[in-house]
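Peer 1: Take the sequence shown: its letters are residues 44 to 402, numbered as in this note's numbering. Don't be surprised by glycine CBs; every beta carbon is placed ideally from N, CA and C. Can you read through this structure? Questions will come right after.
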Amino acid sequence: MKKYKVGVIGATGMVGQRYISLIENHPWFDLAVVAASNRSAGKTYEEAVRGRWISQLAIPQTAKNLTVMSAQSDIGVIADAADFVFSAVDMKKDEIKTLEEAYAKAECPVVSNNSAHRLSDDVPMIIPEINPEHIEVISSQQKRLGTKRGFIAVKSNCSIQSYVPAFHPLKDRFGLDRALICTYQAISGAGKTFASWPDMVDNVIPYIGGEEEKSELEPLKVWGKVIDGVIVPAVSPSITTQCVRVPASDGHLAAVFMSFKSKPDMDEIIRLWHEFKGLPQELSLPSAPKQFIHYFQEQDRPQTKLDRMLENGMAISVGRLRPDTQYDYKFICLSHNTLRGAAGGSVLLAELLCAQGLI
Ligand SMILES: NC(=O)c1ccc[n+]([C@@H]2O[C@H](COP(=O)([O-])OP(=O)(O)OC[C@H]3O[C@@H](n4cnc5c(N)ncnc54)[C@H](OP(=O)(O)O)[C@@H]3O)[C@@H](O)[C@H]2O)c1
Numbered sequence: 044m045k046k047y048k049v050g051v052i053g054a055t056g057m058v059g060q061r062y063i064s065l066i067e068n069h070p071w072f073d074l075a076v077v078a079a080s081n082r083s084a085g086k087t088y089e090e091a092v093r094g095r096w097i098s099q100l101a102i103p104q105t106a107k108n109l110t111v112m113s114a115q116s117d118i119g120v121i122a123d124a125a126d127f128v129f130s131a132v133d134m135k136k137d138e139i140k141t142l143e144e145a146y147a148k149a150e151c152p153v154v155s156n157n158s159a160h161r162l163s164d165d166v167p168m169i170i171p172e173i174n175p176e177h178i179e180v181i182s183s184q185q186k187r188l189g190t191k192r193g194f195i196a197v198k199s200n201c202s203i204q205s206y207v208p209a210f211h212p213l214k215d216r217f218g219l220d221r222a223l224i225c226t227y228q229a230i231s232g233a234g235k236t237f238a239s240w241p242d243m244v245d246n247v248i249p250y251i252g253g254e255e256e257k258s259e260l261e262p263l264k265v266w267g268k269v270i271d272g273v274i275v276p277a278v279s280p281s282i283t284t285q286c287v288r289v290p291a292s293d294g295h296l297a298a299v300f301m302s303f304k305s306k307p308d309m310d311e312i313i314r315l316w317h318e319f320k321g322l323p324q325e326l327s328l329p330s331a332p333k334q335f336i337h338y339f340q341e342q343d344r345p346q347t348k349l350d351r352m353l354e355n356g357m358a359i360s361v362g363r364l365r366p367d368t369q370y371d372y373k374f375i376c377l378s379h380n381t382l383r384g385a386a387g388g389s390v391l392l393a394e395l396l397c398a399q400g401l402i
């Protein structure tokens with residue numbers, strides 16, 4: 044099978060490094076080019092990440108000696124060298140929008156981890172198991188950008204990637220009406236480790252800028268309908284959230300309350316979670332978890348440290364489903380924020396776009 048040549052822009056950062064590790068040994072993707080800011084451009088990748096390589100595993104051989112390019116100045120060269128790029132740059136929102144559109148206009152598809160384009164109505168924001176049909180809007184986006192091959196597709200915020208999958212098989216069937224969610228989010232979500240953020244040791248910070256807005260709005264776009272070439276967000280369920288930073292290295296856990304128009308029983312919910320499969324499972328995409336939602340019967344699971352790496356960090360863990368006094372039910376769920384919630388989710392999205400012939 045033909046392998047796709049892949050570029051990573053923002054390759055030196057925390058999410059970028061995850062991409063580099065996931066592309067190593069990927070059956071469909073070969074790393075062709077790495078790019079970052081002008082601070083890193085011109086260095087070898089190994090030099091550029093010296094002292095900030097986060098993985099326990101060594102820097103992949105395929106990346107080590109590549110010369111880091113400038114994500115902003117070398118767009119033409121990068122677009123020529125790669126069949127598509129993953130984007131994980133940390134810049135101002137309007138700069139990211141301009142940069143990602145410049146790649147798309149250079150006829151290089153962009154699979155982005157950034158929030159800049161998430162609410163653009165002709166940019167699909169995809170959790171591959173939930174709303175793969177949203178790729179349909181890419182043709183309208185290409186018309187707007189004047190491109191033939193180039194486009195932008197994004198993944199959603201990491202915070203929603205545990206509870207949206209858990210709600211999905213229940214939502215339409217029972218009329219999910221209201222949800223209240225408190226998230227307990229790891230420090231890698233801020234691009235940090237305990238070494239770079241020592242204030243987080245033995246601490247909880249009750250604020251993550253912009254996170255509650257994203258956690259309430261983005262599920263509605265994911266559940267939106269494609270009408271006349273754009274995504275029209277869903278109007279329900281009504282979602283309210285509080286997002287808190289906790290001293291975990293990786294893994295976003297959520298405490299969830301939910302009410303339905305037509306209340307199902309608990310066994311039915313657990314059965315639907317267990318049976319739920321999406322297009323990635325049907326297509327056997329290389330990064331798709333075999334079992335998307337795992338339900339734990341143990342009272343003290345899921346736990347961030349124990350369960351975040353389930354199925355290579357791509358599965359969702361759920362537990363403690365029980366009745367509530369104010370909502371119909373409450374439960375706990377967990378996903379790995381830099382794998383399923385960031386680089387892994389984008390790699391799965393890229394696999395879907397390749398399998399559907401868009402890349
Ligand atoms: N961490 C997570 O779990 C997570 C989850 C979801 C989404 N995100 C989003 O993903 C993006 C990357 O996050 P991160 O945690 O990986 O950040 P990070 O560790 O700070 O890395 C940022 C990357 O962007 C590059 N960069 C910064 N300014 C640039 C510029 N002017 N031009 C080109 N490249 C530039 C950096 O290059 P240098 O090394 O050369 O400075 C580095 O490669 C952010 O938008 C973040 O909000 C992160």
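Does the Cβ of L74 have 16 or more other Cβ atoms within 10 Å, making it buried, or fewer, making it exposed?
Peer 2: For the purposes of this step, residue 74 is identified with residue 31 of the sequence shown, where counting begins at 1. Buried is the call here.
Peer 1: So is K214 buried or exposed if we call it buried at 16+ other beta carbons inside 10 Å?
Peer 2: Counted from its first residue, the sequence shown places residue 214 at position 171. Buried.
Peer 1: Please find out if some non-hydrogen atom of ligand 2 comes closer than 6 Å to the beta-carbon of S360.
Peer 2: As far as ligands go, the structure on display features ligand 1 and does not contain ligand 2.
Peer 1: Could you check what DSSP says for Y146 in three-state terms: helix, strand or coil?
Peer 2: Translated into the one-based positions of the sequence shown, residue 146 becomes position 103. Correct three-state label for Y146: helix.
Peer 1: Out of L65, E354 and Y47, which one is the CA nearest neighbour of S389?
Peer 2: The residue given as residue 389 occupies position 346 in the sequence shown. The shortest C-alpha separation from S389 is found at L65.
Peer 1: Write down the C-beta distance between D403 and S231 rounded to the nearest angstrom, noting that I regard them as a contact closer than 8 Å.
Peer 2: An answer regarding residue 403 cannot be provided, because it is not within the stretch 44 to 402 covered by the chain.
Peer 1: Which value, in whole angstroms, describes the spacing of the CA atoms of K1 and F374?
Peer 2: Lying outside 44 to 402, the shown extent of the chain, residue 1 is not represented and no answer is given.
Peer 1: Would you mind working out which of A91, F129 and S80 sits nearest G387, comparing C-alpha positions?
Peer 2: The count along the sequence shown starts at 1 and reaches residue 387 at position 344. With distances taken between Cα atoms, G387 lies closest to F129.
Peer 1: Would you tell me roughly how many angstroms separate the C-alpha atoms of T141 and A78, rounded to the nearest one?
Peer 2: On the sequence shown, position 98 is the one that residue 141 refers to. On the sequence shown, position 35 is the one that residue 78 refers to. Their backbone Cα atoms lie some 16 Å apart in a straight line.
Peer 1: Can you tell which of G85, T110, N200 and T105 has the C-alpha that lies nearest to the C-alpha of A72?
Peer 2: Walking along the sequence shown from the start, residue 72 turns up at place 29. Looking at the sequence shown, residue 72 is not Ala but Phe. Considering only alpha carbons, the answer is T105.
Peer 1: Pick out the complete alpha helix (DSSP H) segments inside the stretch 265-329, 4 residues or longer, and give them in chain order.
Peer 2: Within the stretch 265-329, the complete alpha helix (DSSP H) runs of at least 4 residues are 309-318 and 322-325.
Peer 1: C376 and S205 - do their beta-carbons sit closer together than 7 Å?
Peer 2: Taking the first residue of the sequence shown as position 1, residue 205 is located at position 162. Taking the first residue of the sequence shown as position 1, residue 376 is located at position 333. Going by C-beta atoms, S205 is nearer than 7 Å to C376.
Peer 1: Output the distance between the C-alpha atoms of V58 and S239, rounded to the nearest integer angstrom.
Peer 2: Mapped onto the sequence shown, residue 58 falls at position 15. Mapped onto the sequence shown, residue 239 falls at position 196. So the alpha carbons of these two residues sit roughly 15 Å apart.
Peer 1: Based on the DSSP secondary-structure assignment, which residues constitute the bridge partners of Q228?
Peer 2: Sequence index remark: in the sequence shown, residue 228 carries index 185 (1-based). Q228 is bridged to R288.
Peer 1: Quick check: L392 and V154, are their CB atoms within less than 7 Å of each other?
Peer 2: By one-based count along the sequence shown, residue 392 stands at place 349. By one-based count along the sequence shown, residue 154 stands at place 111. Yes. Within cutoff.
Peer 1: According to DSSP, G50 sits in a beta bridge with which residue or residues?
Peer 2: The sequence position of residue 50 within the sequence shown is 7, counting from 1. DSSP, once it has assigned bridges, lists V76 and V128 as partnering G50.
Peer 1: Quick one: what's C376 bridged to in DSSP?
Peer 2: The sequence position of residue 376 within the sequence shown is 333, counting from 1. In DSSP, C376 forms a bridge with A297 and V361.
Peer 1: So what's T190 in DSSP terms, helix, strand or just coil?
Peer 2: Taking the first residue of the sequence shown as 1, we reach residue 190 at position 147. The answer is coil: DSSP assigns T190 none of H, G, I, E or B.
Peer 1: Decide if the stretch 356-365 is in contact with the stretch 328-339; the criterion is three or more beta carbon pairs, one per stretch, under 8 Å apart.
Peer 2: Yes, the stretch 356-365 touches the stretch 328-339.
Peer 1: So, with DSSP's three-state summary, where would you put Y370?
Peer 2: Sequence index remark: in the sequence shown, residue 370 carries index 327 (1-based). It is coil, neither helix nor strand.
Peer 1: Does DSSP put F335 in a helix, in a strand, or in coil?
Peer 2: Position 292 of the sequence shown, counting from 1, holds the residue named residue 335. Correct three-state label for F335: coil.
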